[in-house]
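Residue numbers (our numbering): 267 to 861. Note that the Cβ used here is the ideal one computed from N, Cα and C, for glycine as well. Reviewing the structure listed below.
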Amino acid sequence: MSIRRLSPETINRIAAGEVVERPASVVKELVENAIDAGATRIEVATAGGGLALIRVTDDGAGMGADDLALAVERHCTSKLDGGLEAIGTLGFRGEALASIGSVARLALASRQRGSADGFEIAVDGGAVGDPRPVAMAPGTRVEVTDLFFATPARLKFMKSERAETAAITETVRRLAMAHPEIRFSLSGADRTATDLPATGPNGWLDRLDRILGNGFRADAMAIDSGRGPIRLTGFAGLPTHHRGNAAQQYLFVNGRPVRDKLLAGAVRAAYGDFIPHDRHPVLALFLDVPPAEVDVNVHPAKAEVRFRDPGLVRALMIGALREALAAAGHRASDRGATAMIEALRRSAFAPPQAPAARGAERGWEGFAEPAQAVLTDLPRSADRRAAAYVPAAAPAAAPVAAQPLGVPRAQLHETYIVAETEDGLVVVDQHAAHERLVYERLKAALAADGGVPRQILLIPEIVELPEEDVDRLASRAAELQPLGLVLEAFGPGAVAVREVPGLLGHGDTAGLVRDLADEIAELDTATLLADRLDAIAGTMACHGSVRAGRRLRPEEMDALLREMEATPHSGQCIHGRPTYIELKLSDIERLFGRR
Ligand code: ADP
Ligand code: MG
Numbered sequence: 267m268s269i270r271r272l273s274p275e276t277i278n279r280i281a282a283g284e285v286v287e288r289p290a291s292v293v294k295e296l297v298e299n300a301i302d303a304g305a306t307r308i309e310v311a312t313a314g315g316g317l318a319l320i321r322v323t324d325d326g327a328g329m330g331a332d333d334l335a336l337a338v339e340r341h342c343t344s345k346l347d348g349g350l351e352a353i354g355t356l357g358f359r360g361e362a363l364a365s366i367g368s369v370a371r372l373a374l375a376s377r378q379r380g381s382a383d384g385f386e387i388a389v390d391g392g393a394v395g396d397p398r399p400v401a402m403a404p405g406t407r408v409e410v411t412d413l414f415f416a417t418p419a420r421l422k423f424m425k426s427e428r429a430e431t432a433a434i435t436e437t438v439r440r441l442a443m444a445h446p447e448i449r450f451s452l453s454g455a456d457r458t459a460t461d462l463p464a465t466g467p468n469g470w471l472d473r474l475d476r477i478l479g480n481g482f483r484a485d486a487m488a489i490d491s492g493r494g495p496i497r498l499t500g501f502a503g504l505p506t507h508h509r510g511n512a513a514q515q516y517l518f519v520n521g522r523p524v525r526d527k528l529l530a531g532a533v534r535a536a537y538g539d540f541i542p543h544d545r546h547p548v549l550a551l552f553l554d555v556p557p558a559e560v561d562v563n564v565h566p567a568k569a570e571v572r573f574r575d576p577g578l579v580r581a582l583m584i585g586a587l588r589e590a591l592a593a594a595g596h597r598a599s600d601r602g603a604t605a606m607i608e609a610l611r612r613s614a615f616a617p618p619q620a621p622a623a624r625g626a627e628r629g630w631e632g633f634a635e636p637a638q639a640v641l642t643d644l645p646r647s648a649d650r651r652a653a654a655y656v657p658a659a660a661p662a663a664a665p666v667a668a669q670p671l672g673v674p675r676a677q678l679h680e681t682y683i684v685a686e687t688e689d690g691l692v693v694v695d696q697h698a699a700h701e702r703l704v705y706e707r708l709k710a711a712l713a714a715d716g717g718v719p720r721q722i723l724l725i726p727e728i729v730e731l732p733e734e735d736v737d738r739l740a741s742r743a744a745e746l747q748p749l750g751l752v753l754e755a756f757g758p759g760a761v762a763v764r765e766v767p768g769l770l771g772h773g774d775t776a777g778l779v780r781d782l783a784d785e786i787a788e789l790d791t792a793t794l795l796a797d798r799l800d801a802i803a804g805t806m807a808c809h810g811s812v813r814a815g816r817r818l819r820p821e822e823m824d825a826l827l828r829e830m831e832a833t834p835h836s837g838q839c840i841h842g843r844p845t846y847i848e849l850k851l852s853d854i855e856r857l858f859g860r861r
């Protein structure tokens, strides 16, 4: 066997395998080039999921005739002036255009600013033509057709046209988030056209709000924090603004969208208890790092980076997020509540201790914070407290002893049921408890033949969703049916829900469908919904449950407690938090220093 030197064509195709994984990678490279060229306006048009056509037009600096020929040659770049240690542009490898030209038909047309003429060059599966004059406005237009025609093996691996179209949208969204000063438009026969007007340097939140939707603006906390030479800015959603997966957590390093595990870890550490463990906040963070502190040359697609000091970056992220959460007031209130519960638990559930071991000082310390929080809280919500008090319809003579969860005496804050037990009191979180009950009922119905009983909606509910979510749900429609949910695609951007699980009552169908789409997005296509029934049933139960904030009648409260007693696992909600807490009379007496 003799060693041969590979032809430039083969070399380019090998590189293309890594640089151009799918149509969205082409869009990413071309839009990055336009951004690097200083464009203020970038238009992206696609057809056939990008396989038939991708056209990116910009009004940037443009190229002269000589540069055109170099631009499509491998390892030719105008960007690496400062060496690999000082990369200030999105591109630097000089291989995108060469790679794309080797696996597709590429037409590159450009007119330099200040020049009267434009030129065009064509590359056809690696064969480069000669530049010829063309009439055009200043800027650059790149047209890629028949992507992967020269590499049929890769073509076979493409997903559906819709999936590729969606991936392109996501790519443009990411880049547009990082560059609010640039106007982006995205159009084509395979999609609904979108236009993102330029917003100016302070319009960052406008751009994020446009892209993230769902009222992000109202729920966004501004982030601005620095450590040494590193600065973190951006916006993070309040803990109440959460989603079923982490797809809406974006990190940009020096304007470059990256996927980095560091972000997920920092978000988890910072949001911690503020958010249910299976929910994810929405955020877009922008890290500005001196080029020498970060290596972006980790992967040909440049989607990963490596920090010189990852610990510093992580600490900065966690610190900045925690600071914002504290400023938003959630941390303080939550912390007070946690401390209170802990203090109660300590006295309520810990085995009795000798007074000597329980220093009086320590006891006060534990209470100082929550006591204050309760006092300052009172005037504001006193009215609501009074209104929320429902005198129990005195089933006082009921056989209290036979009922571990006691007799309901009151509902507080339209959220908690207070019940009197034989030797103490129980406080039930009505939403958490009901959620568990619905969940167990759903699972029982699923186990039974015939699946979950369905209820036909007189008027189908139309739920608007991103196209990729519509796709996912539609492809899983047959699997959702036994779960009691009958839906179908309704145009590209919505699903029509025709039947819902009868158990869920008149819940929030739109919210349920959106969360299910998130849940399904987490699964790969090979995983059956049946394998993830717990998570799916959990999502459903959450939406079918009595929300906090609903006034319950005494009979309803009683029914809830009785069903809890009869249901396994009812002491914990499906997110692992307790559904009720119990205080024995002896514990209460101890709290008041009577014992
Ligand atoms: P890189 O971006 O890594 O330099 P590319 O293959 O993507 O490599 O592009 C090669 C060169 O072509 C760039 O360095 C740049 O000089 C030029 N170029 C590409 N696209 C554009 C554009 N839209 N406007 C102006 N110049 C461009
Ligand atoms: Mg490039």
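Check whether the Cβ atoms of residue i and residue j lie closer than 8 angstroms to each other.
i: A512; j: H543; result: no
i: I928; j: A464; result: Since the first residue shown for the chain is 267 and the last is 861, residue 928 is missing from the structure and cannot be characterised.
i: D396; j: T355; result: no
i: L413; j: L317; result: yes
i: L678; j: V692; result: no
i: P674; j: P820; result: yes
i: P719; j: R764; result: no
i: E734; j: A432; result: yes
i: A337; j: G304; result: no
i: P274; j: R340; result: yes
i: D526; j: V562; result: no
i: D485; j: P446; result: no
i: E386; j: R398; result: yes
i: C839; j: T845; result: yes
i: E753; j: A762; result: Checking the displayed sequence, the identity of residue 753 turns out to be Leu instead of Glu. Against a cut-off of 8 angstroms, the Cβ pair of A762 and L753 comes out as a contact.
i: D490; j: G315; result: no
i: L751; j: G810; result: no
Could you give the DSSP three-state label for residue i: helix, strand or coil?
i: G777; result: helix
i: G454; result: strand
i: A318; result: coil
i: F552; result: strand
i: Q747; result: helix
i: G253; result: For residue 253 there is no data in the structure shown, the boundaries of the chain being 267 and 861.
i: T499; result: strand
i: S491; result: strand
i: V562; result: coil
i: K425; result: coil
i: E447; result: coil
i: L671; result: coil
i: E734; result: helix
i: L827; result: helix
i: R650; result: Residue confidence is low: R650 scores 32 on pLDDT, short of 50, so the model does not pin down where it sits. Its coordinate-derived value is still stated next. Note: R650 maps to helix in three-state DSSP.
i: G405; result: strand
i: T460; result: strand
i: T604; result: Any reading at T604 needs caution, since the residue's pLDDT is 44, under 50, leaving its predicted position unreliable; the model's value is listed next. Three-state result, T604: helix.
i: A282; result: helix
i: V571; result: coil
i: F540; result: helix
i: I584; result: helix
Comparing C-alpha positions only, which one of the options sits nearest to residue i?
i: A760; options: L746, I728, V533; result: I728
i: R738; options: A459, R288, K425, A382; result: K425
i: A698; options: T805, D790, A762, D781; result: T805
i: A567; options: V410, I366, L272; result: I366
i: K345; options: A419, R359, M443; result: R359
i: T312; options: A331, V292, D347, M329; result: V292
i: F415; options: T306, V438, S368, L591; result: S368
i: G492; options: V555, S453, R522; result: V555
i: Q721; options: I269, P748, V736; result: P748
i: Y537; options: A388, N520, L504, P557; result: L504
i: R377; options: G330, W470, L421, A419; result: G330
i: F756; options: L778, P767, P732; result: P732
Below 8 angstroms on the Cβ atoms is my contact criterion, and I expect residue i with residue j to pass it. Report the Cβ-Cβ distance as a whole number of Å.
i: G227; j: A401; result: With the chain covering only 267 through 861, there is no way to say anything about residue 227.
i: N299; j: G380; result: 20 angstroms between Cβ atoms; not a contact.
i: V533; j: L587; result: 7 angstroms
i: Q514; j: L529; result: About 12 angstroms separates the two Cβ atoms, so there is no contact after all.
i: L498; j: M583; result: 6 angstroms
i: D325; j: T306; result: 6 angstroms
i: L703; j: M830; result: 7 angstroms
Does any residue of chain D have a CB that is nearer than 8 angstroms to the CB of residue i?
i: V571; result: The structure shown has no chain D; it contains just one protein chain.
Q: Considering only heavy atoms of ligand 2, list every residue whose Cβ is less than 5 angstroms from one of them, following chain order.
A: After applying the 5 angstroms Cβ criterion, the set is N299, G357, A362.
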